[in-house]
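In the numbering used here, the protein residues as written are 586 to 1003.
Ideal placement from N, C-alpha and C gives every residue a C-beta, glycine not left out.
Because the structure is a prediction, the values reported are computed rather than measured.
Accompanying notes for the structure given below.
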Amino acid sequence: MQTQNKKDDSLTLCDDLFEEAKALFSEGLVEHLKASGLDVIEGQSNGIYINDINGVQFIDCYCGASIYNLGRKNKTVVDSLKSAVESTDCGNFILVSQEKADLSSKLANFVAEDLICVLFTVVRGEAMDAACKLARGYTGKTELISVDGGWYGHTGFAMGLSERADKNQYGRLIPDQTIVEFNNIKAAKKAINKNTAAFILEPVQIENGCRMADKEYLLELKSLCEQQGALLIFDETQTGFGRTGHKFAKDYFGVTPDILLFGESITAGVFPMTGMVFTPSVKSFFDNHPLIHLCTFGGHDVGCRVACQAIDLYEKLRPWIQARETGSLLLNHLYHIQGLYPDLICSVNGLGLMNAITFTGKKLAQSFCVAARNHGFIVVQGLVSEESVVIRPPLTITREQISKLMELISNAMISFKN
């Protein structure tokens, strides 16, 4: 009876929280979550798992859009947060600190090649905004070129460059912007000119069915940008810190951009921090305009300590190697499922531990998300390709756990088909 009462109390709490969300946040959001099997109130989380407040366990294959690369609530990183909070605070964002210096040095060594300069921001969109400002400021040009199917965030430059229908609600966000076809080098060659400040893209468009750039395409893009004095910007806010089966997508493709954006995976999702790394030559603009992009919580001293610990753990565990192996197992399983359900699935794409199933319609993708939740794992639709469902578990998932996930996916497909 006591267990039943606790369950009833939890259900009542869920209902109350969703009603409050309807009233204070967005009724449309709550309805969307319920229709997508995402009406889950998170309770405890650990490793690859999250539990709702009723104690039901799920494998987290959303991972906060690729931030929990080292698993949920990683103890080593969480302990560093606790320690940092007791010994320091935010710091002053324009002042130099030991924490900022330590992280900058550690990050430069981790990213490698010539990307040794850094600017810290808080959210992904802000990182993109800062990169666009830097590109325009450094080159003295204004035109920004991006590709169709991109998703860069929710702030001004980021939203303006992204492929999302709702951005039109805000009017024209940024001037001098051109969108060309992804993976089409002829279109890029036609668009890049002496007025181009930067060419911007995600090497892998996770929110667009994990669509991947061709290596030759990226190599030619780099050459075209160099010829015209434009910068090449990679958004690696989701692909960075091992998700591709390599430290960064740039390492897989063998192309180093002038500016690389990284996301909250720098702290394993324990602290809100993003940013960009860039080459020393590009830094000259910030040398002459040192206060042109300010962020109160950018380079937060507590966050820097957390990120230092996370990077140490990345270097120790090298989870991209494990992600390469488990990701290959998962991708092959998804290809097998595609063969079983050709009438439902258009395509399967993936690299490392970022994989996408593209269904023949948005409603089918949404229904699969519901089936997934009912079978013990959480996935979401792509933000660009809503026909796609993205599967991106923590990089720490083991072979045994990936086998269990594959079994759950198969069972979800069977019930979904029926």
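Cβ neighbours of Leu-902 within its own chain (closer than 8 Å, five residues either side excluded): Leu-655, Thr-981. Around the CB of Asp-872, fewer than 16 other CB atoms lie within 10 Å, so the residue is classed as exposed.
Rounded to whole angstroms, Ile-770 and Pro-788 show a C-alpha spacing of 14 Å.
For Leu-898, the closest C-alpha among the options Tyr-920, Lys-832, Thr-864 is that of Lys-832.
Under DSSP, Met-744 forms no beta bridge with any residue. Judged by DSSP secondary structure, Ala-783 falls within the beta strand (DSSP E) whose first and last residues are 781–786. Per DSSP, Thr-911 is one residue of the alpha helix (DSSP H) stretching across 904–925.
Burial state of Cys-880 is buried, judged by a 10 Å Cβ sphere holding 16 or more other Cβ atoms. The beta-carbon distance between Phe-856 and Val-887, rounded to whole angstroms, is 7 Å. This is short enough to meet the 8 Å contact definition. Using a 10 angstroms sphere on the CB of Pro-904, the tally of other CB atoms reaches 16 or more, which defines it as buried. Secondary structure note for Gln-642: its beta strand (DSSP E) is the uninterrupted segment 642–645. At a cut-off of 3 residues, the continuous stretches assigned as beta strand (DSSP E) that sit fully inside the stretch 785–871 are 816–821, 844–847, 859–863. When secondary structure is reduced to three states using DSSP, Gly-710 falls in the helix class.
Residue pairing by DSSP puts Gln-762 in a beta bridge opposite Leu-729. The Cβ neighbour count for Asp-928, taken over all protein chains shown within 10 Å, is under 16; the residue is labelled exposed. Assignment of beta-bridge partners to Leu-949 by DSSP yields no partner. Rounded to the nearest angstrom, the gap between the Cα atoms of Glu-616 and Arg-977 is 24 Å. Rounded to whole angstroms, the gap between the alpha carbons of His-739 and Ala-783 is 19 Å. Secondary structure at Tyr-634: strand, using DSSP grouped into helix, strand and coil. Nearest Cα to Val-933 within the set Asp-645, Ser-970, Phe-742: Ser-970. By the criterion of a C-beta distance shorter than 8 Å, Phe-643 is surrounded in its chain by Val-625, Tyr-634, Ile-635, Asn-636, Asp-637, Arg-958, Gly-961, Phe-962, Ile-963, once the five residues flanking it on both sides are discounted. For Asn-996, the uninterrupted alpha helix (DSSP H) run begins and ends at 984–1002, by DSSP. Pairing Ile-791 with Val-975 gives a Cβ-Cβ distance under 8 Å. Residue environment for Glu-849: buried (at least 16 other C-beta atoms within 10 angstroms of its C-beta).
Counting only the Cα atoms, Cys-893 lies some 11 Å from Glu-900.
Taking a 10 Å sphere around the C-beta of Pro-842, we find 16 or more other C-beta atoms and assign the residue as buried. For Leu-936, no alpha helix (DSSP H) segment is defined; the enclosing uninterrupted segment is the beta strand (DSSP E) at 930–936. At a Cβ-Cβ threshold of 8 Å, Phe-742 and Gly-883 do not count as neighbours. DSSP places Val-625 outside any alpha helix (DSSP H), giving it a letter other than H or E. Per the Cβ contact rule, the stretch 685–703 is in contact with the stretch 862–870 (3 or more Cβ pairs under 8 Å).
The beta carbon of Glu-748 sits closer than 8 Å to the beta carbons of Asp-733, Gly-734, Gly-735, Trp-736, Ile-764, Asn-793, Val-969 from its chain, once the five residues preceding and following it are set aside; these are given in chain order. Contact check for Asn-659 and Ala-853: beta-carbon distance about 5 Å, within the 8 Å limit, so the pair qualifies. In summary, Pro-875 is exposed, with fewer than 16 beta-carbon neighbours lying within 10 Å of its beta-carbon over all protein chains present. Only buried fits Thr-781, as 16 or more other CB atoms lie within 10 angstroms of its CB.
Sequence-distant Cβ neighbours of Asn-940 in its own chain, meaning closer than 8 Å and more than five residues away, are Cys-795, Gly-912, Leu-915, Leu-916, Leu-919, Val-933, Asn-934, Val-975, Ile-976, Arg-977.
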